[in-house]
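Enquirer:
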Amino acid sequence: MKLSRILSNQNGVSRKRANALIATGRVAVNGQVCRDSQNEVSEFCAVGVDGKAIQQARPSRYLMLNKPAGYLSATVDDTHPTVFRLIDSSLHDGLHIGGRLDRASTGLLILTNDGNWSRRLTEPKIKIPKVYRVTTEQPITLETHQRFAEGIWFEYEQLTTSPAQIEEIHEREARITIYEGRYHQVKRMFHAVGNRVTSLHRERMGKIQLNDELPPGQYRSLTAEEIASV
Ligand code: URA
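In our numbering, each residue carries its 1-based index in the sequence shown increased by 10.
(1) Per DSSP, which one or two residues make a beta bridge with N76?
(2) Just to confirm my understanding: we take P20, look at its own chain, exclude 5 residues before and 5 after, and list those with CB closer than 7 Å. What are they?
(3) Going straight from the alpha carbon of V6 to that of S47, what length do you get?
(4) How about L294: is its Cβ closer than 7 Å to a heavy atom in ligand 1?
(5) Consider the C-beta atom of S115 and the heavy atoms of ligand 1; say whether any pair is separated by less than 7 Å.
(6) Would you say L210 touches ligand 2, meaning its beta carbon is less than 7 Å from a heavy atom?
(7) Nearest to R95 by CA position, among G108, G109, D112, K77, is which residue?
(8) Given this structure, state the Cα-to-Cα distance separating L121 from G35, to the nearest angstrom.
(9) Does the beta carbon of D103 fall short of 7 Å from some heavy atom of ligand 1?
(10) Per DSSP, what kind of secondary structure is Q195 in: helix, strand or coil?
(11) Kindly list the residues whose CB is nearer than 7 Å to the CB of H194, restricted to its own chain and excluding five residues on each side of it in sequence; keep chain order.
(12) When DSSP builds the beta bridges, which residues end up paired with L169?
(13) Considering only C-alpha positions, which residue in the set A174, T85, M74 is nearest to G117?
(14) Cβ atoms of L31 and V59: under 8 Å apart, would you say?
(15) Take every Cβ of the segment 191-205, pair it with every Cβ of the segment 144-152, and state whether three or more of those distances are shorter than 8 Å.
(16) Can you round the beta-carbon distance between R151 and I162 to whole angstroms, since I take them to be within the 8 Å contact cut?
(17) Nearest to S83 by CA position, among H102, R110, D98, is which residue?
(18) Which whole-angstrom value is the C-beta distance of Y81 and P91, which I expect to be below 8 Å?
(19) Please classify D124 as buried or exposed, where buried requires at least 16 other C-beta atoms within 10 Å of its C-beta.
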C-alpha cells in the first residue's frame, strides 16, 4: 500500500495532510525518514509519525519444508493430513504455500505469509526454474527430451508449456527443470508422451535448494540470501 494511504487510513488524516507530513520528513518507514508518498509499504514494515508508531511491522515468515508423501498441500482437509500439521501452530497465521506439491510428491515446499513474494516465486511469466527428480514407468526416450524442449500442449489451459530440460540419471530416472507450476504439470507432460510418473521429488525452486540434511517432515526458515533471491 502507498505510504500516503497508510497515513490517510488513520482517523482524521486527509490525503493532503498525509502528503504534507511525508514531504516535511515527519514520517519514518522502518526507522528511516521517507519523503516519497508513493512509496509502496508492506504490512511487514513499521511506520511512524514524529516517532509514534502508526503501523507495527508484522513478522514475515519464509519456511522450507521437506514434504513427506501422503500430506496434502492445503490448509485444511477432512480426509487427509495437510502439510500444516507439520508446522508449529504458532506460525500458521497468514501462512500459505508457494507452489503446491501433489499428495504423493515429496521434497521442497515453501510456505510464507508474504503474498507478494510467493506470487513472484510462482508466477509463470517470471519463469523461476523448478527442478524435480522423477522416476517413470517406461524408459525416458530421446523423443521425450525433444518434445519437452519444444513444449507440451495443455488442452485445458490452451497453452504450450515453456521449454523444459531433462537430465538423464538412469533409463527411468531423470532430473527435469520446468518454468511454470501448472496443475500436475510434470505428470501431465509425461502422460502426453505416453509415459507415467511413479515418483516425484522437488529439489529446487530458483536458488532455493532443499537441504539434504533436512529430514522429511522437518522445516527451517529461509536465509536472508534465499529470500532475496526471489
Ligand atoms: N508436477 C506434478 O505433476 N506434481 C507435482 O506435485 C509437482 C509438479
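All residues carry an ideal CB built from backbone N, CA and C; glycine is no exception.
Every value quoted in this text rests on a predicted model; they were computed, and no experiment measured them.
Expert: In short, the structure shows the following:
(1) L118
(2) Note that residue 20 is Gln in the sequence shown, not Pro. Around Q20: I64.
(3) In the structure as shown, the chain starts at 11 and stops at 240, and residue 6 therefore has no counterpart that could be examined.
(4) As displayed, the chain neither begins before 11 nor continues past 240, which places residue 294 out of reach and without an answer.
(5) yes
(6) Absence of ligand 2 from the depicted structure is noted, with ligand 1 being the only ligands included.
(7) K77
(8) 37 Å
(9) no
(10) helix
(11) D112
(12) F164
(13) M74
(14) yes
(15) yes
(16) Reading off the sequence, residue 151 comes out as Thr, not Arg. Actually they are not in contact, since the Cβ atoms of T151 and I162 sit about 14 Å apart, beyond 8 Å.
(17) R110
(18) 5 Å
(19) buried
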